[in-house]
Amino acid sequence: MQRVAVVRFPGSNCDEDTLRAAARVGADAYYVWHRDADLRGADVVLIPGGFSYGDYLRSGAIARFSPVMNAVREHAEQGGAVLGICNGFQILCEAHLLPGALLRNARLTFVSKPVLVSVERTGTPFTSAYQRGALLRLPVAHGDGRYVADPETLAELEAEGRVVLRYARDEDANPNGSMHDIAGIVNAAGNVVGIMPHPERAAEPLLGNEDGAGFFTSMAAWAGPAAATHSPDTGP
Amino acid sequence: MSYRVHVRVMPRSGLLDPQGQAVEHALTSLGFTEGTQVRIGRAIELELQAPTAEAATAQARDMCERLLANPVTEDYVLEVEGR
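Sequence lines, in order, name chains A and B. Under the numbering used here, the first residue of the first sequence carries the number 519, and numbering increases by one thereafter. Under the numbering used here, the first residue of the second sequence carries the number -8, and numbering increases by one thereafter.
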């Protein structure tokens, strides 16, 4: 059984949904407070959405310095799986566990709606349950979701197949002006994933949408660092 | 010595600045000349203790690199004032 730590910051607000989605696939899921320096033997770390520290200065900028983030960094360096959702993605970027940054949406409005995204990479601990190219309808809810990186970083992400989710192009789906329609990426080692959409809000029949459930079933099936996929999947 | 440091953090030029654009449009609709360009950043004031102005600058620069500015998307300028 996977031990899954859900990190809580002051201002996290998707922590309960995320814990529930993890528990639903049979994981031994528990909360870790941001002041804790110990992940208590976690196999997987989930950093949920919300507004940690009120988004002061920049989204995720202050959370990055919480004691728990040292433990998350160590966990990631040892090959442990990490998924940052929304504010979690912003925190992972600020902590330099993922490249780039998430800036104010291009149209300035807070966007809260379901959007269509395609799964671009299945070789991660959180997307193995999907077919490459699968279209998912997932909720987004963010004001700062415009993914930005320098041209070298973008080229590297594309060349290495590290874009995990992309806003679908066939219906004006890019809600925030993200470069290359990026909705989610993975680090070079393949174990740290950040996504703007909220799969935990679309993970069971009660919610009327199960498109996000695959993130959690993938996680439950993930066999640990030894089995982490280090090569990009460039299959058909 | 006590120093006051004015930090100005600006979105890197070339990056879309939607706030600047929105204000630009508002200025145009107020009747100000078209073509006015606006960029919006953040001003931070620090009061800090340091032996010299150079040390104060170095300290403030370190703060910018590590927290106050995002090196991926923002540039900053410092102005140090002795008190």
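C-beta atoms are modelled at their ideal positions from N, C-alpha and C, and glycine is treated no differently. Keep in mind it's a predicted model, so treat the numbers as computed, not measured.
For Leu621 (chain A), a Cβ of chain B is located within less than 8 Å of the residue's own Cβ. Counting along the chain, Asp533 (chain A) sits inside no beta strand (DSSP E); it lies in the alpha helix (DSSP H) bounded by residues 533 to 542. Annotation for His(-3) (chain B): the continuous beta strand (DSSP E) segment containing it runs -7 to 2. DSSP places His716 (chain A) outside both helix and strand once states are collapsed to three, so it counts as coil. No Cβ of chain A is located within less than 8 Å of the beta carbon of Gln28 (chain B). Within its own chain, the residues whose Cβ lies closer than 7 Å to the Cβ of Ile703 (chain A), once the five positions on either side in sequence are excluded, are Leu616, Leu675, Arg680, Val681, Val682, Gly712, listed in chain order. When rounded, the separation of the alpha-carbon atoms in Ala34 (chain B) and Arg52 (chain B) is 14 Å. The bridge partners DSSP lists for Asp66 (chain B) are B:Met1.
When secondary structure is reduced to three states using DSSP, Asn605 (chain A) falls in the helix class.
Ala560 (chain A) and Val71 (chain B) have their C-alpha atoms some 46 Å from each other. Taking 8 Å as the CB threshold, Leu58 (chain B) lines the interface with chain A. Residues of chain B whose Cβ lies closer than 8 Å to the Cβ of Arg625 (chain A) are, in chain order, Pro9. For the C-beta of Leu6 (chain B), the chain A residues within less than 9 Å are, from N- to C-terminus, Leu621, Val666.
In chain order, Ala619, Leu621, Val666 make up the part of chain A whose C-beta sits under 8 Å from the C-beta of Thr64 (chain B). Measuring C-alpha to C-alpha distances from Pro42 (chain B) to each of B:Glu25, B:Gly32, B:Gly73, B:Thr27 identifies B:Gly73 as the nearest. C-alpha of Val666 (chain A) to C-alpha of Gln608 (chain A): approximately 11 Å in a straight line. The C-alpha of Tyr685 (chain A) is placed about 6 Å away from the C-alpha of Ile700 (chain A).
Between Thr64 (chain B) and Arg3 (chain B), the alpha-carbon positions lie close to 5 Å from each other. With contacts defined as CB atoms closer than 8 Å, Thr645 (chain A) and Ser736 (chain A) qualify as a contacting pair. If you look at Leu724 (chain A), you'll find it isn't in any alpha helix (DSSP H); DSSP assigns it neither H nor E.
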